[in-house]
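What follows is one structure encoded as C-alpha cells, with my remarks underneath.
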Amino acid sequence: MALSHEFQALTKSFSGFGVDEKSMISVLGKWHKDDIKSYRKESPHFVQDDRLFEKWVDHHVDFLKHEFLRLKNAVVLWTMHPWERDARLMKEAIDGPQAYGVIIEVACTRSSEELLGARRAYHSLFDHSIEEDIAYRVNDSHRKLLVGLVSSYRYEGTKVHEEIVKSEAKILCAAIKNADRKNPIEDEEVVRIVTTRSKPHLKAIFQHFKGINENLDGESTFDKTMQCLCTPQTYFSKVLDASLRHGADENTKVALTRVIVTRADEEDMKEIKEEYHKQHGVSLSKKIDDEVNGNFKDFLLTLIARGE
Amino acid sequence: MATNSVTEDCEQLRKAFAGWGTNEGLIISILAHRSSAQIKLIRETYAQTYGEDLLKDLDKELSSDFERVVVLWALDPAERDAFLANEATKRWTSSNQVLVEIACTRTSHQLLLAKQAYHARFKRSLEEDVAHHTSGDFRKLLVPLVSTYRYEGEEVNMTLAKSEAKILHEKISEKAYNHEDVIRILSTRSKAQINATLNYYKNEFGNDINKDLKTDPKDEFLAILRATVKCLTRPEKYFEKVLRLAINKRGTDEGALTRVVTTRAEIDMKIIKEEYHKRNSVTLDHAIGKDTTGDYEKMLLALVGHGDA
Numbered sequence: 001m002a003l004s005h006e007f008q009a010l011t012k013s014f015s016g017f018g019v020d021e022k023s024m025i026s027v028l029g030k031w032h033k034d035d036i037k038s039y040r041k042e043s044p045h046f047v048q049d050d051r052l053f054e055k056w057v058d059h060h061v062d063f064l065k066h067e068f069l070r071l072k073n074a075v076v077l078w079t080m081h082p083w084e085r086d087a088r089l090m091k092e093a094i095d096g097p098q099a100y101g102v103i104i105e106v107a108c109t110r111s112s113e114e115l116l117g118a119r120r121a122y123h124s125l126f127d128h129s130i131e132e133d134i135a136y137r138v139n140d141s142h143r144k145l146l147v148g149l150v151s152s153y154r155y156e157g158t159k160v161h162e163e164i165v166k167s168e169a170k171i172l173c174a175a176i177k178n179a180d181r182k183n184p185i186e187d188e189e190v191v192r193i194v195t196t197r198s199k200p201h202l203k204a205i206f207q208h209f210k211g212i213n214e215n216l217d218g219e220s221t222f223d224k225t226m227q228c229l230c231t232p233q234t235y236f237s238k239v240l241d242a243s244l245r246h247g248a249d250e251n252t253k254v255a256l257t258r259v260i261v262t263r264a265d266e267e268d269m270k271e272i273k274e275e276y277h278k279q280h281g282v283s284l285s286k287k288i289d290d291e292v293n294g295n296f297k298d299f300l301l302t303l304i305a306r307g308e
Numbered sequence: 001m002a003t004n005s006v007t008e009d010c011e012q013l014r015k016a017f018a019g020w021g022t023n024e025g026l027i028i029s030i031l032a033h034r035s036s037a038q039i040k041l042i043r044e045t046y047a048q049t050y051g052e053d054l055l056k057d058l059d060k061e062l063s064s065d066f067e068r069v070v071v072l073w074a075l076d077p078a079e080r081d082a083f084l085a086n087e088a089t090k091r092w093t094s095s096n097q098v099l100v101e102i103a104c105t106r107t108s109h110q111l112l113l114a115k116q117a118y119h120a121r122f123k124r125s126l127e128e129d130v131a132h133h134t135s136g137d138f139r140k141l142l143v144p145l146v147s148t149y150r151y152e153g154e155e156v157n158m159t160l161a162k163s164e165a166k167i168l169h170e171k172i173s174e175k176a177y178n179h180e181d182v183i184r185i186l187s188t189r190s191k192a193q194i195n196a197t198l199n200y201y202k203n204e205f206g207n208d209i210n211k212d213l214k215t216d217p218k219d220e221f222l223a224i225l226r227a228t229v230k231c232l233t234r235p236e237k238y239f240e241k242v243l244r245l246a247i248n249k250r251g252t253d254e255g256a257l258t259r260v261v262t263t264r265a266e267i268d269m270k271i272i273k274e275e276y277h278k279r280n281s282v283t284l285d286h287a288i289g290k291d292t293t294g295d296y297e298k299m300l301l302a303l304v305g306h307g308d309a
C-alpha cells in the first residue's frame, strides 16, 4: 500500500526545478500497479478521461521534459568552449521569441576578447555575423542598441577622462529624466555612449547617477544595459532570484542554468553570491538547495562552490 | 637582390643619419625593399642596439612628404591603419573618405588588428572616437562600418540578395539614402553577399547602384555611400580613382598618394597599377614620376614597384 508521504514525495519530485531522481527510483521503483493507479487518481497531474482512464495532463508531460533536460543542458553548456557557448546563446535569443535580455547580458558582461571570440565562433557555426542576424531580425527601437552592443570592441584600459565623463553623465541624466516622453535607448547620444565607451568610463558615469539618486535598477532595457555594464553582479543576482521564484516561466527559469554555468569560472561568481546574500538575506546555495531537485541541483551547487 | 642581415640594415640606416644632412638614397634603398615583417625586426634591433626608436630618428632627420611616406611605410600595417584612422577622426570633415577606406577595404582580420593597435596606442577604442567626432547621417554610417566584424565566407543566399536589392532600390528611389536598412545592409552583410545583392540590383533594375546614387553630385553623404559600395566591391577601382584625383591635384584628399601607396604596396598594388593603366593612358609609375620630385618620388616609385623585384 502506497503511503501518503510517498505520494507527496513523488508529487514534489514531479514539480519544481529539476527532478528528484532518488525519490522517483525509491518510490516508483517499488510500487505495484495498484499503487500507481491510486496515485493517478489522486494526483493533480492526471485527469479523468471520458473513456474512463486517468491520463497525463499534456502540458505537464511537457513540463517534465524541460525538467529532465535541465541537467543535460547544464552539462553540455558547461563543457562547451565559452565562445561556442555565447554564440549559441545569442543565436537562440535571436531565433526564439525575442529574448533581448540574453543578448544584452552576453554582449555587456563579457570582456572585449570574450565577445570577439563569440563573434568568431558565430561565423563558424552559423555562416553569418551576429550583427547581420540581429540587424535583420530586430525591427523595432531596440535595433540600434543591440547591434551596437554586440559590435562593440571596447578599450579595456583604466584610463578615463573626467571632463568627458562629466559631460556624458549629463547627457544620460537628461535622457533618464525624459524617459516618460522618449525611451532613452532611442536617443542617439545615449546609444553612442553606451555602445562605444569603455567599462571604466561607464562605471565612472554610473557613479554620477548615484549622486542624484538614480539607481537604474528597473526592468527597462536601458536600466538592464547599464546594470550589465556597470554592476553585473547586481544584474546577475536579480536574474537568479527571478529564476528561483515559484511560478516563473520557462524563459525566466532557464536563466538559472545559463548564469551559473557561464559565471562559475569567472571572478565575479564570488561577488554574485555576496550580492545575492546582501539583497535577499539567504545564501544562493541555500536557496538553490530549497528550490531545486536532484542531480541538477547537485551539479549547480558544485559549480558555485568552486574556488571556495 | 642582395639581402643584408638585420644588423647590417640597422648599421646602414644609422650611417644614413650621421653627419650633416641625411643619405635619403640609402634609406630608400633599404626600407622600400623590406616587407613589414622585416621592418618590424629592424625597428626592434635598432632600438636594442642604439637605444633609440628608428621612427623618432626618421622624424628628426627627414622632412614633410618624404618623411611621411617613410614613416608610414615603417609602421606595422595595423599601427599604420590605427594612425591614419585616428588622424581622420581628429580632422574629420564630411568629405573625408579615409575611415570608409580603412573600414571597407581591409579584411575583417586586418581591421581587427588595426582596432587592437588603436587601443594600444591611443588608449581608447576606434569606435568611440569615430562616434564622438562624427555626427548625423555620417555617424549613422561610419560607426557601424568600423564596428563590424564581417563574416568572410563565400556563401551567398540568393533569396536574401534579391529581397535586399529590392529594399536598396526602393529606398534609393525614395531618396531615403540614410535609411536604416540601407545602412544595415552595407554595414553588416558579408562582402560576398553584398556583391551578389548588387549584381542582382544591376540585372534587375538596369543601373549600377552607384549610378543611382549619383543624383546629386554635391551631396557629400551620397559620395560617402558610393565610396562605401566601391570599397566593398571593387577596391582596386576605388584606389585607382583616389590616385588619379591626387595626381591630377583635384579634390581635397591631402596625402592620398602617400596613403594609398604605403597601405597597398604589400596588398594589391599590382592590380591597382593595371587598373590605373587601363583607365589612364599612362602607367602609374609614369604619372608619379611627372607629379613628384626628389626623394619623395624615389620612395614612392620604389614602393609601387615593391612586389615586382
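First to last, the sequence lines map onto chains A and B.
So the first sequence is numbered by the numbering used here: it starts at 1 and just counts up by one.
So the second sequence is numbered by the numbering used here: it starts at 1 and just counts up by one.
Glycine included, every Cβ here is placed at the ideal spot set by N, Cα and C.
Please report the Cβ distance between residue i and residue j, rounded to the nearest whole angstrom; I am assuming they are in contact, meaning their Cβ atoms lie under 8 angstroms.
i              : j              : result
L198 (chain B) : I209 (chain B) : 5 angstroms
A32 (chain B)  : M299 (chain B) : 6 angstroms
V106 (chain A) : A118 (chain A) : 7 angstroms
S125 (chain B) : S283 (chain A) : Rounded, the Cβ-Cβ distance is 38 angstroms, inconsistent with contact.
T262 (chain B) : D65 (chain B)  : Between D65 (chain B) and T262 (chain B) the Cβ distance is about 12 angstroms, and since that is not below 8 angstroms, they are no contact.
L244 (chain A) : Q227 (chain A) : L244 (chain A) to Q227 (chain A), Cβ: 19 angstroms. No contact.
Does any CB atom of chain B fall closer than 8 angstroms to the CB of residue i?
i              : result
G157 (chain A) : yes
V57 (chain A)  : no
D140 (chain A) : no
H128 (chain A) : yes
V254 (chain A) : no
V147 (chain A) : yes
L303 (chain A) : no
A174 (chain A) : no
Report the neighbours of residue i on chain A: residues whose CB is nearer than 8 angstroms to its CB, in chain order.
i              : result
K115 (chain B) : Y153
R43 (chain B)  : None at all; the shortest Cβ gap to chain A is about 23 angstroms.
How would you call residue i, buried or exposed, if buried means at least 16 neighbouring beta carbons within 10 angstroms?
i              : result
N293 (chain A) : buried
E79 (chain B)  : buried
I42 (chain B)  : buried
K175 (chain B) : exposed
Q207 (chain A) : exposed
K144 (chain A) : buried
D86 (chain A)  : buried
I288 (chain B) : buried
R181 (chain A) : exposed
N96 (chain B)  : buried
A309 (chain B) : With a pLDDT of only 45 at A309 (chain B), under the threshold of 50, the placement of this residue in the model should not be trusted; the figure read from the coordinates follows. Classification of A309 (chain B): exposed, given that the 10 Å Cβ count is below 16.
Q116 (chain B) : buried
Considering only C-alpha positions, which residue in the set the options is nearest to residue i?
i              : options                           : result
I185 (chain B) : B:K230, B:S173 and B:I167         : B:I167
D290 (chain A) : A:E6, A:G16 and A:F7              : A:G16
I267 (chain B) : B:K60, B:H277 and B:W73           : B:W73
F122 (chain B) : A:G101, A:I104, A:D133 and A:V160 : A:V160
Q233 (chain A) : A:I36, A:T109 and A:R258          : A:T109
A192 (chain B) : B:L284, B:E240, B:K270 and B:T107 : B:T107
E69 (chain B)  : B:G289, B:V260, B:I272 and B:R279 : In the sequence as displayed, the identity of residue 69 (chain B) is Val instead of Glu. Among B:G289, B:V260, B:I272 and B:R279, the Cα nearest to that of V69 (chain B) belongs to B:V260.
N195 (chain B) : B:K211, B:N157 and B:G294         : B:N157
K278 (chain A) : A:E266, A:M80 and A:K238          : A:K238
H128 (chain A) : A:A204, A:C173, A:A99 and A:I94   : A:I94
What residues of chain A sit near residue i, judged by a beta carbon separation below 9 angstroms?
i              : result
Y151 (chain B) : Y122, H123, F126, D127, H128, S129 and E132
R315 (chain B) : Since the displayed chain B opens at 1 and closes at 309, residue 315 (chain B) lies outside it and no answer follows.
Taking Cβ-Cβ distances shorter than 8 angstroms, what residues in chain B pair up with residue i?
i              : result
S198 (chain A) : R124, S125 and E128
A119 (chain A) : Sequence check: residue 119 (chain A) is Arg here, not Ala. Within 8 angstroms Cβ-Cβ: Y149.
Please confirm whether residue i has its beta-carbon closer than 8 angstroms to some beta-carbon of chain A.
i              : result
T105 (chain B) : no
A119 (chain B) : Strictly speaking, residue 119 (chain B) in this sequence is His, with Ala absent from that position. Cβ-Cβ to chain A under 8 angstroms: yes for H119 (chain B).
P217 (chain B) : no
P235 (chain B) : no
P144 (chain B) : yes
R226 (chain B) : no
R184 (chain B) : yes
In chain A, what lies closer than 7 angstroms to residue i by C-beta?
i              : result
E155 (chain B) : D127
A131 (chain B) : R192 and T196
T188 (chain B) : S129, E131, E132 and A135
R264 (chain B) : Here the premise fails: no neighbours, minimum Cβ distance about 25 angstroms.
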